[in-house]
């Protein structure tokens, strides 16, 4: 469902999931890019990504800060007052989780 910020009702979003860890509640966002549905998401041997929203920074796979998915995650984390998100990408031959 739609999650609405208590103090800012114009700020809202929809999470794919929430789950609990010993450290607290974590946001889950899932993407299944149809443009590469039968392909790899990343080539870890060459630090190359095949989706526009992932980038390697100092050898670590990250969500690109200039992409709208980064904004989506940040807004949802703000609405829910969370500090952690698992961003999961799935294709028929690969899956990647960005923390």
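Residue numbers (my numbering): 1 to 99.
Yeah, the Cβ is synthetic: ideal placement off N, Cα and C, and Gly gets one too.
**OP:** Mind the definition here: the segment 41-49 touches the segment 10-29 only if three or more C-beta pairs lie below 8 Å; say whether that holds.
**Re:** Flag = no, the segment 41-49 and the segment 10-29 do not touch.
Original post:
Count the other CB atoms within 10 Å of the CB of residue 7; is the residue buried (16 or more) or exposed (fewer)?
Top reply: Counting the other Cβ atoms within 10 Å of the Cβ of residue 7 gives fewer than 16, which makes it exposed.
Original post:
Got a sec, what are the start and stop residues for the beta strand (DSSP E) residue 54 sits in?
Top reply: The continuous beta strand (DSSP E) containing residue 54 extends over residues 54-57.
**OP:** Report the residue ranges of all beta strand (DSSP E) runs contained in full by the segment 18-79; include only those spanning at least 3 residues, in chain order.
**Re:** Unbroken beta strand (DSSP E) stretches of 3 residues or longer found wholly inside the segment 18-79: 24-31, 54-57, 60-63, given in chain order.
Subject >> Extent of the continuous beta strand (DSSP E) to which residue 95 belongs >> reply: Unbroken beta strand (DSSP E) run through residue 95: 95-98.
Original post:
Under the three-state reduction of DSSP, which class applies to residue 7: helix, strand or coil?
Top reply: Residue 7 falls in the coil class under three-state DSSP.
**OP:** Report, in whole angstroms, the separation of the C-beta atoms of residue 95 and residue 88, which I expect to be a contact under 8 Å.
**Re:** Between residue 88 and residue 95 the Cβ distance is about 7 Å, and since that is below 8 Å, they are a contact.
Original post:
Should residue 91 be listed as close to the ligand ZN, given that the test is whether its C-beta is under 8 Å from any heavy atom?
Top reply: Ligands displayed in this structure: none; no statement on the ligand ZN is therefore possible.
Original post:
Could you give the C-beta distance for residue 2 and residue 12, rounded to a whole number, given that I count them as a contact under 8 Å?
Top reply: 5 Å between Cβ atoms; contact.
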